[in-house]
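**Q** Okay, handing you the structure first.
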Amino acid sequence: YKYEGKVEAKTKLSNGVAVKGTVTRAEKDGKVGGVVEAKKTLHKVELVGKVDQSGAASVSAEHASLSPGLTVKAEGGLTGRTCKFSADYKREYLTTALTLDPLKKACTGNASVSVGSLTAGVSGGYSMPSGDGKGGGFSVPELAGQYSGSNFQATANVRKWGDEMSMRYHHTFTKDVSLGVSLDQTTSGNQNKETNLVFAVGTEIKMDSISTIKAKLSNEGVMSAVYSQRIRPNVTAKISGQVDTARLTRNNAHKIGIALLMDY
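Heads up: the sequence shown begins at 30 in this note's numbering, then just goes up one per residue.
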């Protein structure tokens, strides 16, 4: 049987440095990976350093106090192969973000506006042409919208001029019961276009103050469920399972998971 796994541990040293270590195992090829992260805030600047199992290291610095609503961040790899600069600006009705990658000669940006219960946003990017003059230019913009009611929320997203669309609807019936519906459509091909539609419905039920059940079913016949229970004030256990009813006898078509979350 194939399986995936993740173990995460975090602590805070006496000098204020927060350290987190993560070890993962990929289901597809069994590859084991690990990341160690250290984080500390100095003079309102959050500094983060990361090192993975291959020895690749990166650092980032984030400042959120230059101006009300403005956050700037710089990050890069110590090998010089990655470098990014970003700026986020948030106000009551407006949110914007801009990211610049000088090594890839590309930038991306997005903006959203909220009016009452309605929020609309757009994102896009631009890249410089390569040395031979090929490629580059503006990317196809992505549009999104969201409407929030007293006990429901609906969102829609359109990409690639309508070739990719997704919609989400979440309804809260009571404080203990909620229902969600998702719809994803992708269209491929130039002349003979094919449309693939994935529909799923899920629910979340709070059994009591310490336990919750989540379940989901898709039109492809995939059923999944997660049971979560807080067994101690700082310890939560989760058991999950997934069954592909369309491939009952196929190897690795079904999954089971166990997680233990400890926060001290």
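Note that beta-carbon positions come from the ideal geometry of N, C-alpha and C, so glycine has one too. The structure presented is a predicted model; accordingly, all values stated were derived computationally and were not measured.
1. Provide the residue(s) that pair with residue 188 in DSSP beta bridges, ordered along the chain.
2. Answer yes or no: does any C-beta atom of chain E fall closer than 9 Å to that of residue 39?
3. Let me know the beta strand (DSSP E) ranges lying completely inside the region 54-133, each 3 residues or longer, listed in chain order.
4. Using a Cβ-Cβ cut-off of 7 Å (strictly less than) and excluding sequence neighbours within five positions of residue 120, which residues of its own chain qualify?
5. On the criterion of 16 or more Cβ atoms from any shown chain inside 10 Å, does residue 168 qualify as buried, or is it exposed?
6. Look at the alpha carbon of residue 46 and the alpha carbon of residue 78, and state the distance between them as a whole number of angstroms.
7. Alpha carbon to alpha carbon, how far is residue 151 from residue 188?
8. Tell me the residue span of the beta strand (DSSP E) that contains residue 284.
9. Leaving out five residues on either side along the sequence, give the residues of the same chain with a beta carbon under 6 Å from the beta carbon of residue 52.
10. What are the boundary residues of the beta strand (DSSP E) that includes residue 139?
11. Going by DSSP, what residues sit across from residue 242 in a beta bridge?
12. Could you say if the region 112-129 and the region 138-157 meet the contact criterion of at least three C-beta pairs nearer than 8 Å?
13. Output yes or no for whether 9 Å exceeds the beta carbon distance between residue 251 and residue 274.
14. According to DSSP, is residue 276 part of a helix, a strand, or is it coil?
15. Counting C-beta neighbours from all protein chains within 10 Å, is the total for residue 217 16 or more, i.e. buried, or is it exposed?
16. Do residue 172 and residue 135 count as a contact pair if the criterion is CB distance below 9 Å?
17. State the DSSP-derived secondary structure class of residue 42, mapped to helix, strand or coil.
18. Under three-state DSSP, which class holds residue 357?
**A** Put simply:
1. The sequence position of residue 188 within the sequence shown is 159, counting from 1. DSSP, once it has assigned bridges, lists 193 as partnering residue 188.
2. Considering every chain present, this structure includes no chain E. It has just one protein chain.
3. Listed in chain order, they are 61-71, 74-81, 86-96, 99-106, 112-119, 123-130.
4. Here residue 120 corresponds to residue number 91 of the sequence shown, with the count starting at 1. Excluding positions up to five away in sequence, the list reads 98.
5. Residue mapping note: residue 168 aligns to position 139 of the sequence shown, counting from 1. Exposure of residue 168 is indicated by the presence of fewer than 16 other C-beta atoms within 10 angstroms of its C-beta.
6. The sequence position of residue 46 within the sequence shown is 17, counting from 1. The sequence position of residue 78 within the sequence shown is 49, counting from 1. Rounded to the nearest whole angstrom, the CA to CA distance from residue 46 to residue 78 is 11 Å.
7. Translated into positions along the sequence shown, residue 151 becomes position 122. Translated into positions along the sequence shown, residue 188 becomes position 159. Approximately 10 Å between the Cα atoms of the pair.
8. As a first step, residue 284 must be located in the sequence shown, where it is residue number 255. Where residue 284 is concerned, the enclosing beta strand (DSSP E) stretches over 284-291.
9. On the sequence shown, position 23 is the one that residue 52 refers to. Closer than 6 Å at Cβ, skipping near neighbours: 36, 63.
10. Counting from 1 along the sequence shown, the entry for residue 139 is found at position 110. Unbroken beta strand (DSSP E) run through residue 139: 135-144.
11. Along the sequence shown, one-based indexing puts residue 242 at 213. Here residue 242 is bridged, per DSSP, to 234, 256.
12. They touch, by the three-pair rule.
13. Counted from its first residue, the sequence shown places residue 251 at position 222. Counted from its first residue, the sequence shown places residue 274 at position 245. A Cβ-Cβ contact shorter than 9 Å links residue 251 with residue 274.
14. Counted from its first residue, the sequence shown places residue 276 at position 247. Here residue 276 sits in helix by DSSP.
15. Taking the first residue of the sequence shown as 1, we reach residue 217 at position 188. Label assigned to residue 217: exposed.
16. On the sequence shown, residue 135 is found 106 positions in, with the first residue counted as 1. On the sequence shown, residue 172 is found 143 positions in, with the first residue counted as 1. Contact flag unset, no.
17. As a working mapping, residue 42 is identified with position 13 in the sequence shown. Looking at residue 42 - three-state DSSP - the assignment turns out to be coil, as it is neither helix nor strand.
18. With the chain covering only 30 through 293, there is no way to say anything about residue 357.
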